[in-house]
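K.L.:
Take the sequence shown: its position 57, counting from 1, is numbered 57 in the UniProt record's numbering, and each next residue is one higher. The C-beta atom is built at its ideal place from N, Cα and C for all residues, glycine as well.
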Amino acid sequence: MKLGEFHDANRKIVGRTVLHYDAVESTNDTAKELLESDVEEGLVVWADRQAAGRGRHGRAWASPLGGLYASVVLEPKESDAWVLGLLVGMPVVRALRHFGVFAGLKYPNDAMYQDRKIAGILSEGVYRNDRYFVVVGIGVNTNVDLDRLPADVQPKATTLKREVSLFVANEEFLEYLLGQIDDLYSRYRNTRIEFLLKDYRGQCQTIGKQVRAKTSKGTVTGRAYDIALSGALVIMDDQDTKHEFVEGELEVLR
Ligand code: BTN
């Protein structure tokens, strides 16, 4: 059920309209359904919980009441879609830091705190009437007790509630986050994406670490070395051979 609709004319693009629902299957799916009709770029779908929240690699994203689940509709150049999904990790980390969790960015766009995941991003491209859109879905473990998350997730996850004594309302967190994404997106539209990738490279804590990357083609172990212009993670193996990694399981070893 839709609970409300907010408008903020001060935003450049992202978050000028926010649709708030109590429960949906997945905010990414709701956003895609809304794209069947004419929606403005920057539209945000926000839900209090999701019955079928989705994570990357076809995993489920546990979405109990208390967490923040939102999707943003963007219309970038199709060739920038993957990189844009990476870049949105930066505002998510910034928002967490603003509210007291000194989070870091793990490739591609996980927000981590002390090796535990606190937020994730699932960005999906969709064509509608010959136009290409990206739905960037963001899940943040804000006001969730760790024991509300699945047992196998608990040792690898944390929540804002667990790390910060101050209560932060989801509305307040979302408002700040959308402001940050709006700024990022206007920088994306006004500068070269390479500059933003440079910022991302500087903030991505995976760079310099020993990693193991599992893809459909096999496993590569080596040092995370760079971010390619395509947004791929460049891994240098022990034979000094470079491998580009985009999708798969990435484990940070040390
Ligand atoms: C991941 O790290 O695996 C990505 C998690 C993304 C979860 C968010 S919650 C809002 C949006 N709707 C979804 O179904 N998934 C994303």
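If you follow the alpha helix (DSSP H) that V93 is in, where does it begin and where does it stop?
P.N.:
Here residue 93 refers to the residue found at position 93 when the sequence shown is read from its first residue. That run of the alpha helix (DSSP H) goes 89-98.
K.L.:
Can you confirm whether the segment 184-197 touches the segment 10-25 when touching is taken to mean that 3 or more C-beta pairs between the two stretches lie within less than 8 Å?
P.N.:
The segment 10-25 vs the segment 184-197: in contact.
K.L.:
By alpha-carbon positions, which one of G208, L253, V39, N109 ends up nearest to R128?
P.N.:
Along the sequence shown, one-based indexing puts residue 128 at 128. Taking only the C-alpha atoms, the option nearest R128 is V39.
K.L.:
Identify which residue in L96, R201, P91, K2 has its Cα closest to the Cα of V234.
P.N.:
Indexing the sequence shown from 1 puts residue 234 at position 234. Answer by Cα proximity: R201.
K.L.:
I'd like to confirm the pairing. Which residues does DSSP put opposite R223 in its beta bridges?
P.N.:
Taking the sequence shown and counting its residues from 1, the one referred to as residue 223 is at position 223. Looking at the DSSP assignment, R223 forms a beta bridge with Q210, M236.
K.L.:
Consider the C-beta atom of N143 and the heavy atoms of the ligand BTN; say whether any pair is separated by less than 7 Å.
P.N.:
As a working note, residue 143 is residue 143 in the sequence shown. Flag unset: Cβ of N143 not near the ligand BTN.
K.L.:
Could you please give me the residues that DSSP links to D48 through a beta bridge?
P.N.:
Looking up residue 48 in the sequence shown gives position 48. Answer is none; D48 lacks a bridge partner.
K.L.:
For the ligand BTN, I want to know if Q154 counts as a neighbour, meaning its beta carbon is within less than 7 Å of at least one of the ligand's heavy atoms.
P.N.:
Taking the first residue of the sequence shown as position 1, residue 154 is located at position 154. Not so, every heavy atom of the ligand BTN lies at least 7 Å from the Cβ.
K.L.:
Given a cut-off of 8 Å, decide if C204 and L96 are closer than it, judged by their beta-carbon atoms.
P.N.:
In the sequence shown, residue 96 corresponds to position 96, counting from 1. In the sequence shown, residue 204 corresponds to position 204, counting from 1. Going by C-beta atoms, L96 is not nearer than 8 Å to C204.
K.L.:
Looking at A31: is its Cβ nearer than 8 Å to the Cβ of W46?
P.N.:
Walking along the sequence shown from the start, residue 31 turns up at place 31. Walking along the sequence shown from the start, residue 46 turns up at place 46. Contact flag unset, no.
K.L.:
Name, in chain order, the residues that DSSP records as bridge partners for R131.
P.N.:
Counted from its first residue, the sequence shown places residue 131 at position 131. R131 is bridged to R128.
K.L.:
When the Cα of I138 is compared with those of I207, K117, D240, which residue comes out closest?
P.N.:
The residue you call residue 138 lines up with position 138 of the sequence shown. Answer by Cα proximity: K117.
K.L.:
How would you write the range of the beta strand (DSSP E) that T17 sits in, first residue to last?
P.N.:
The residue given as residue 17 occupies position 17 in the sequence shown. Per DSSP, T17 belongs to the beta strand (DSSP E) from 17-24.
K.L.:
From V144, K209, S123, pick the residue whose C-alpha is nearest to that of E247; which is it?
P.N.:
Mapped onto the sequence shown, residue 247 falls at position 247. E247 has its Cα closest to that of S123, out of V144, K209, S123.
K.L.:
Check whether the Cβ of L43 sits closer than 7 Å to any heavy atom of the ligand BTN, and report yes or no.
P.N.:
Walking along the sequence shown from the start, residue 43 turns up at place 43. No, since every heavy atom of the ligand BTN falls outside the 7 Å radius drawn around the Cβ of L43.
K.L.:
Considering only DSSP beta bridges, list what H7 is partnered with.
P.N.:
If you number the sequence shown from 1, residue 7 lands on position 7. H7 pairs with T17.
K.L.:
Taking one C-beta from the segment 16-23 and one from the segment 158-169 each time, how about it: are there three or more such pairs within less than 8 Å?
P.N.:
The segment 16-23 is not in contact with the segment 158-169.
K.L.:
For L87, count neighbouring C-beta atoms within 10 Å of its own C-beta (all shown protein chains included) and say buried if the count is 16 or more, exposed if not.
P.N.:
On the sequence shown, residue 87 is found 87 positions in, with the first residue counted as 1. When all chains shown are included, L87 counts as buried.
K.L.:
When you measure from the CB of G15 to every non-hydrogen atom of the ligand BTN, does any distance come out below 7 Å?
P.N.:
As a working mapping, residue 15 is identified with position 15 in the sequence shown. Outside the cutoff, so no.
K.L.:
What are the start and end residues of the alpha helix (DSSP H) that includes S216?
P.N.:
Here residue 216 is taken as the residue at index 216 of the sequence shown, counted from 1. It is not in any alpha helix (DSSP H) - S216 carries neither H nor E in the DSSP assignment.
K.L.:
Can the beta-carbon of F99 be found less than 8 Å from the beta-carbon of V168?
P.N.:
Locating residue 99 in the sequence shown gives position 99, counting from the first residue. Locating residue 168 in the sequence shown gives position 168, counting from the first residue. Contact flag set, yes.
K.L.:
Looking at the structure shown, is S37 part of a helix, part of a strand, or coil, going by DSSP?
P.N.:
In the sequence shown, residue 37 corresponds to position 37, counting from 1. Residue state, collapsed to three classes: coil.
K.L.:
Within the same chain, show all residues whose beta-carbon is closer than 8 Å to that of M112, passing over the 5 residues directly before and after it, in chain order.
P.N.:
Sequence index remark: in the sequence shown, residue 112 carries index 112 (1-based). Once the five neighbours on either side are set aside, the close Cβ partners of M112 are A103, G104, L105, K106, I118, Q205.
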